[in-house]
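Okay, so here's the structure we're looking at.
In the numbering used here, the protein residues as written are 79 to 425.
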């Protein structure tokens, strides 16, 4: 009824998007998950992943190197496993806190991610995305042009290396998933929970890895599993990057920051082909996800279907996303992300 009134009065999509009351009311009815659907989604993700992993190791063990091509779809399923873990972190997959948390912890063994640590950092990200005064937890480090210019040459070099694609999408995921997440770095003062989460996940990973190495051998395990983890990690970082580091994104000082506006205009709609939408758990519909994190991943496309005006807000295509890589600094004077070259030209 709310949407019908908007359309009848010919109010623009921008006006609809900026109506807090309308979107809170609209998205409320999409929050309820279908628990049978959730169980099916979990099964059709875990079973193919395990099957592809087993087939890849069997192919390698029998000298059929061509079988390692199965690593690619296996990495895709690992990305999807992380997206289900992500929904569990928001309590939206089964809408049962206990079930979601324990499933999330179990999936964290596969994604090499201590679930409770990640959930805490990710909650901070959702509460502060797009807020210039609340950067630093659960997000990609982003400096303003002014901050960058005030740094020493060493600081600038370090930041440029951090933002380089080979580091951001290559070395970065390896460091994050294989090394950094083994300790609750940055959360050491957060009480016992981060330590328990990290150490329990580490023990579970060690036990699972030992069992698999005993079954298939160390060489086969490393040849198959490491590329899957690295590819999936790189894809995950890429998705997270494009969801917030795009040209039309918006950032604001704390005094001007507003949750609903930041969610809708500070997060992109990454318009991916259907098969990639499936493997990524529809996380490309990120502006809707930030508006209401309780909407299950498999219902995000329903929102776009019912409210197509949302497709035009923050839309980024695959081709557009390639151009996002050069963006590195927030230009407060122009209210946009710019490249290092653009920042230098305006100095």
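Glycine included, C-beta positions come from ideal geometry on N, C-alpha and C.
None of the values given here were measured: they were computed from a predicted structure.
Just verifying my parser: in three-state terms, what is the DSSP assignment at residue i?
{"i": "residue 317", "result": "helix"}
{"i": "residue 271", "result": "helix"}
{"i": "residue 400", "result": "helix"}
{"i": "residue 128", "result": "helix"}
{"i": "residue 263", "result": "coil"}
{"i": "residue 103", "result": "helix"}
{"i": "residue 348", "result": "strand"}
{"i": "residue 279", "result": "helix"}
{"i": "residue 252", "result": "helix"}
{"i": "residue 190", "result": "coil"}
{"i": "residue 179", "result": "helix"}
{"i": "residue 423", "result": "helix"}
{"i": "residue 111", "result": "coil"}
{"i": "residue 246", "result": "helix"}
{"i": "residue 215", "result": "coil"}
{"i": "residue 228", "result": "coil"}
{"i": "residue 324", "result": "coil"}
{"i": "residue 301", "result": "helix"}
Our contact map puts residue i next to residue j with C-beta atoms below 8 Å; I'd like the distance itself, whole angstroms only.
{"i": "residue 187", "j": "residue 279", "result": "6 Å"}
{"i": "residue 429", "j": "residue 134", "result": "Residue 429 falls outside the range modelled here, since the chain spans only 79 to 425, and no answer is possible."}
{"i": "residue 420", "j": "residue 224", "result": "With 8 Å as the limit, residue 420 and residue 224 do not qualify as a contact, their Cβ atoms being about 14 Å apart."}
{"i": "residue 331", "j": "residue 210", "result": "5 Å"}
{"i": "residue 105", "j": "residue 369", "result": "6 Å"}
{"i": "residue 190", "j": "residue 307", "result": "6 Å"}
{"i": "residue 173", "j": "residue 110", "result": "7 Å"}
{"i": "residue 234", "j": "residue 226", "result": "6 Å"}
{"i": "residue 199", "j": "residue 340", "result": "Incorrect: roughly 18 Å between the Cβ atoms, too far for contact."}
Apart from the five residues just before and just after residue i, which ones in its own chain have a Cβ nearer than 7 Å to its Cβ?
{"i": "residue 195", "result": "262, 265, 272, 275, 276"}
{"i": "residue 138", "result": "145, 146, 298, 301, 302"}
{"i": "residue 127", "result": "152, 155, 156, 159"}
Within the same chain, show all residues whose beta-carbon is closer than 6 Å to that of residue i, passing over the 5 residues directly before and after it, in chain order.
{"i": "residue 444", "result": "The question about residue 444 has no answer, for the chain in this structure spans 79 to 425."}
{"i": "residue 313", "result": "157"}
Which one or two residues does DSSP pair with residue i in a beta bridge?
{"i": "residue 209", "result": "330"}
{"i": "residue 409", "result": "414"}
{"i": "residue 221", "result": "407"}
**Request:** Output the residue ranges of the beta strand (DSSP E) runs that lie fully inside the stretch 350–395 and measure 3 residues or longer, sorted by chain position.
**Result:** List check, beta strand (DSSP E) in window: nothing returned.
**Item:** Entirely enclosed alpha helix (DSSP H) segments - the stretch 133–177, minimum 4 residues
**Value:** List check, alpha helix (DSSP H) in window: 149–167.
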